[in-house]
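Protein chains: 2
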Amino acid sequence: MVTARDVARESGVSISTVSRALAEPDRVAAETRDRVLAAATRLGYRPNRAASGLRAGRTGALGLVVPDLENPYFASVTKGVQARARQTGHAVFVVDAGEDPELETELVLGLHAQTDGVVLCSPRAIEADLEVLGSAPAVLVNLRVDGVPSVTSSDIAGMLLAAEHLRALGHRRIAYVGGPERSWSDARRREGLAIAQARYPEIEVVAVGSFRPHVAGGRAAADLVVASGATAVLAYNDLVAVGLVDRLRARGVVVPHDLSVVGFDDTFVATLASPPLTTVRTDLARLGATAVDRLVAVLDARRRRDRGLAVSDGPEASEPVTELDVELVVRDSTTVAAPTPTTVNAPQEAS
Amino acid sequence: MVTARDVARESGVSISTVSRALAEPDRVAAETRDRVLAAATRLGYRPNRAASGLRAGRTGALGLVVPDLENPYFASVTKGVQARARQTGHAVFVVDAGEDPELETELVLGLHAQTDGVVLCSPRAIEADLEVLGSAPAVLVNLRVDGVPSVTSSDIAGMLLAAEHLRALGHRRIAYVGGPERSWSDARRREGLAIAQARYPEIEVVAVGSFRPHVAGGRAAADLVVASGATAVLAYNDLVAVGLVDRLRARGVVVPHDLSVVGFDDTFVATLASPPLTTVRTDLARLGATAVDRLVAVLDARRRRDRGLAVSDGPEASEPVTELDVELVVRDSTTVAAPTPTTVNAPQEAS
DNA sequence: GCCGAGCCTACAATCGTTCGCAGTCCGGCC
DNA sequence: GGCCGGACTGCGAACGATTGTAGGCTCGGC
Numbered sequence: 001m002v003t004a005r006d007v008a009r010e011s012g013v014s015i016s017t018v019s020r021a022l023a024e025p026d027r028v029a030a031e032t033r034d035r036v037l038a039a040a041t042r043l044g045y046r047p048n049r050a051a052s053g054l055r056a057g058r059t060g061a062l063g064l065v066v067p068d069l070e071n072p073y074f075a076s077v078t079k080g081v082q083a084r085a086r087q088t089g090h091a092v093f094v095v096d097a098g099e100d101p102e103l104e105t106e107l108v109l110g111l112h113a114q115t116d117g118v119v120l121c122s123p124r125a126i127e128a129d130l131e132v133l134g135s136a137p138a139v140l141v142n143l144r145v146d147g148v149p150s151v152t153s154s155d156i157a158g159m160l161l162a163a164e165h166l167r168a169l170g171h172r173r174i175a176y177v178g179g180p181e182r183s184w185s186d187a188r189r190r191e192g193l194a195i196a197q198a199r200y201p202e203i204e205v206v207a208v209g210s211f212r213p214h215v216a217g218g219r220a221a222a223d224l225v226v227a228s229g230a231t232a233v234l235a236y237n238d239l240v241a242v243g244l245v246d247r248l249r250a251r252g253v254v255v256p257h258d259l260s261v262v263g264f265d266d267t268f269v270a271t272l273a274s275p276p277l278t279t280v281r282t283d284l285a286r287l288g289a290t291a292v293d294r295l296v297a298v299l300d301a302r303r304r305r306d307r308g309l310a311v312s313d314g315p316e317a318s319e320p321v322t323e324l325d326v327e328l329v330v331r332d333s334t335t336v337a338a339p340t341p342t343t344v345n346a347p348q349e350a351s
Numbered sequence: 001m002v003t004a005r006d007v008a009r010e011s012g013v014s015i016s017t018v019s020r021a022l023a024e025p026d027r028v029a030a031e032t033r034d035r036v037l038a039a040a041t042r043l044g045y046r047p048n049r050a051a052s053g054l055r056a057g058r059t060g061a062l063g064l065v066v067p068d069l070e071n072p073y074f075a076s077v078t079k080g081v082q083a084r085a086r087q088t089g090h091a092v093f094v095v096d097a098g099e100d101p102e103l104e105t106e107l108v109l110g111l112h113a114q115t116d117g118v119v120l121c122s123p124r125a126i127e128a129d130l131e132v133l134g135s136a137p138a139v140l141v142n143l144r145v146d147g148v149p150s151v152t153s154s155d156i157a158g159m160l161l162a163a164e165h166l167r168a169l170g171h172r173r174i175a176y177v178g179g180p181e182r183s184w185s186d187a188r189r190r191e192g193l194a195i196a197q198a199r200y201p202e203i204e205v206v207a208v209g210s211f212r213p214h215v216a217g218g219r220a221a222a223d224l225v226v227a228s229g230a231t232a233v234l235a236y237n238d239l240v241a242v243g244l245v246d247r248l249r250a251r252g253v254v255v256p257h258d259l260s261v262v263g264f265d266d267t268f269v270a271t272l273a274s275p276p277l278t279t280v281r282t283d284l285a286r287l288g289a290t291a292v293d294r295l296v297a298v299l300d301a302r303r304r305r306d307r308g309l310a311v312s313d314g315p316e317a318s319e320p321v322t323e324l325d326v327e328l329v330v331r332d333s334t335t336v337a338a339p340t341p342t343t344v345n346a347p348q349e350a351s
């Protein structure tokens, strides 16, 4: 392995100068710097991260915990996180907690020991997480815990948009296929529905239960949706919506003619589905990138504070939670309500 | 941060004993060990990875380079890699190279400086990669380069299975929608088709070109497939197949009635599609896990060699490439060829 | 009762980098 | 011409863990 010592010998300077030439270019004479840099590239020198991390007290690595990498939602977030982290000079440890709370806690602890900070995408709001986080740098995605910065999408506004869209199409009885019971996002989405319900007395939202946020969950919910007599259904996310559509088709219910379906998140499966799903879009890569930005801001603030400098009032203090806006994407899975306003019988012909 | 020194003071032993109690439990007296371990857990001690990595010459981290995290194929592989790595005591840096060869090279170099080894999923066979790998530990996935261990799925056998399936259903003219031009997998899949063609003279395989391995690629290929007059089509992967089905439907071609479609990989989109896709299955998580196993074997061998011990003839020497077997999964996107053996006119009615 | 063997544990060097401190050199100014 | 200051570079001490080696203790055998 080629070390700073080799570069130093090659360019006729000391190790310290090599280090400075790379880290603080303007503190070394231009001529010397060029010589060092030339030698470094010639030898293919790469600073040993372990050594610099040890000495400088920072590893240059971030951690990312997600519940399921195969879920397109988290795949996109992960992509955004690692892309942004690369720009800020960090590498990202990615771990899949498999929706196992205990494993997740263990992983977060393990990551804190070998990273500068952690981005945590936890599907549910558990108090145990709070103490896990302790004072170690962390940013939450789609979760809110006092004292910990977080980044979320505007679930409430998103659900409101979706509900208004259905109302405008003439739907009056709308089913909601909920996500996991302890899910923070699900709670927020229900909140959005409650607001819609209050604002538009003419519509009626019926929640048909809590389901796993996967295709299987949507399939399982289909019968209940049909039984609810609704003319439109809002799904917790796109995967659930796809499962719904699939099972509905098998039952002879045609989407959107017999039943309008709205997804959430606008992952790529929304465009794959047939019909393509009307859904609520968030820029997931940006969600991940923003989480990294927040985390890096926290790290910088810490570093400044440790050096005794005054901590300028950055965004980490002024705004604990960053909320990304959403957008309704209308595709083919929603249409006007059937001619008869209260068409309670239409879906039942398939039961 | 709690260090080994703290644990040592707490349990009344020296730092070295703390280190040994954790790393080589049987080299320290049972009573002492328990005392140390108790203190360690009580204080929440986590060895500083940077420090131990620096001293021991290993970082405990692996690197994974994939071309696109949002592609379900690589999402599954990634999941397998990080799960297995966790079992072997490693953390995984995941980077998305975005199908950019130069970036990929840069990333691999960067990873080698901060990991013990790298798992490289590169879509195309480029010679430049070869020298990049140098002598640093690496394992390739779905790629073959002399001197570098690799793990692949049996593309050739898989394509053969798929072709035989279609032949058995009475199809005689079969189109192939190819993947990227420089793709190693694509070359292998074409190889499988060539074998099928040679073995079964009655069938005729027509390649309709090279497409991006995404839904868009499949959509773009649909017209050519129809024009080819084939009664069945093999797609480079499931995403392409989904794109095909989608565009075909828009053109009025009904799958599988008018045209049978076969995917590849059996990612979850295969089950999402309508109709669900007949496809060739590989256990992708196992693919990733196997890659980690191979990499860890290489690392162990190196470590032994560095200590002057004899290198036992492990699998890393005996078998340079590990090939995972595949399986044909028959779903609803394939059916018997239309009654008229050469039904060249059926698809054209839609053009 | 003395000596040797073995088992444990402490000491100390070391990994490669960063960074405070000090030293050197040169130019400018009085 | 001498002194001061600024710019640049080298020295050396950390960072926290691992690990070879040496020393101390205990116990058994003669």
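As they're listed, the protein sequences go chains D and U.
For the first sequence, our numbering gives the first residue as 1, with consecutive numbering after it.
For the second sequence, our numbering gives the first residue as 1, with consecutive numbering after it.
By construction, the Cβ of each residue, glycine as well, lies at the ideal position given by its N, Cα and C atoms.
The structure displayed is predicted, hence computed values, not measured ones.
Residue i classed as buried or exposed, judged by whether at least 16 other C-beta atoms fall within 10 angstroms
i               : result
D100 of chain D : exposed
A230 of chain U : buried
H214 of chain U : buried
E316 of chain D : Below a pLDDT of 50, predicted positions are generally treated as unreliable, and E316 of chain D, at 47, falls in that range; the measurement from the model is reported next regardless. Buried is the call here.
V330 of chain U : exposed
P25 of chain D  : exposed
P47 of chain D  : buried
E102 of chain D : exposed
G44 of chain U  : exposed
E104 of chain D : buried
P201 of chain D : exposed
T278 of chain D : buried
T41 of chain D  : exposed
G147 of chain D : exposed
Q82 of chain U  : buried
S318 of chain U : Unreliable positioning characterises S318 of chain U in this predicted model, as indicated by a pLDDT of 49, which lies under 50. A coordinate reading is not provided.
Chain D contact for residue i (CB, 8 Å cutoff)
i               : result
T231 of chain U : no
Q87 of chain U  : no
Q82 of chain U  : yes
R212 of chain U : no
V7 of chain U   : no
R46 of chain U  : yes
Where residue i meets chain D, residues with beta-carbon distance less than 7 Å
i               : result
G53 of chain U  : A50
T367 of chain U : With chain U covering 1 to 351 only, the question about residue 367 of chain U has no answer from this structure.
Q114 of chain U : R49 and A91
Interface partners of residue i on chain D, CB under 8 Å
i               : result
V269 of chain U : V269 and L272
Where the beta strand (DSSP E) containing residue i begins and where it ends
i               : result
G63 of chain D  : A61 to V66
A138 of chain D : A138 to V141
A354 of chain D : Nothing can be reported for residue 354 of chain D: it is not among the residues displayed for chain D, which extend from 1 to 351.
T279 of chain D : T279 to R281
S153 of chain D : S150 to S153
Closest residue to residue i among the options (Cα-Cα distance)
i               : options                   : result
D116 of chain U : U:L328, U:V292 and U:D325 : U:V292
G57 of chain D  : D:V13, D:A4 and D:A113    : D:A113
E31 of chain U  : U:A23, U:Y45 and U:V13    : U:V13
V296 of chain U : U:F74, U:L54 and U:R84    : U:R84
Interface residues of chain U facing residue i [CB-CB closer than 7 Å]
i              : result
S76 of chain D : E70
Extent of the continuous alpha helix (DSSP H) to which residue i belongs
i               : result
I174 of chain U : First-last for I174 of chain U: R173 to G178, but that is the beta strand (DSSP E), not the alpha helix (DSSP H).
A232 of chain U : Note, A232 of chain U: premise wrong, no alpha helix (DSSP H); beta strand (DSSP E) at A232 to A235.
R190 of chain U : W184 to R199
V226 of chain U : V215 to S228
Test: residue i CB closer than 8 Å to a CB of chain U
i               : result
R249 of chain D : yes
V94 of chain D  : yes
Contact list for residue i against chain U, beta-carbon separation under 9 Å
i               : result
V242 of chain D : L272
V215 of chain D : F268, T271 and L272
Residue i Cβ short of 7 Å to the ligand NAP heavy atom set
i              : result
R35 of chain U : The ligand NAP is not part of the structure shown, which contains no ligands of any sort.
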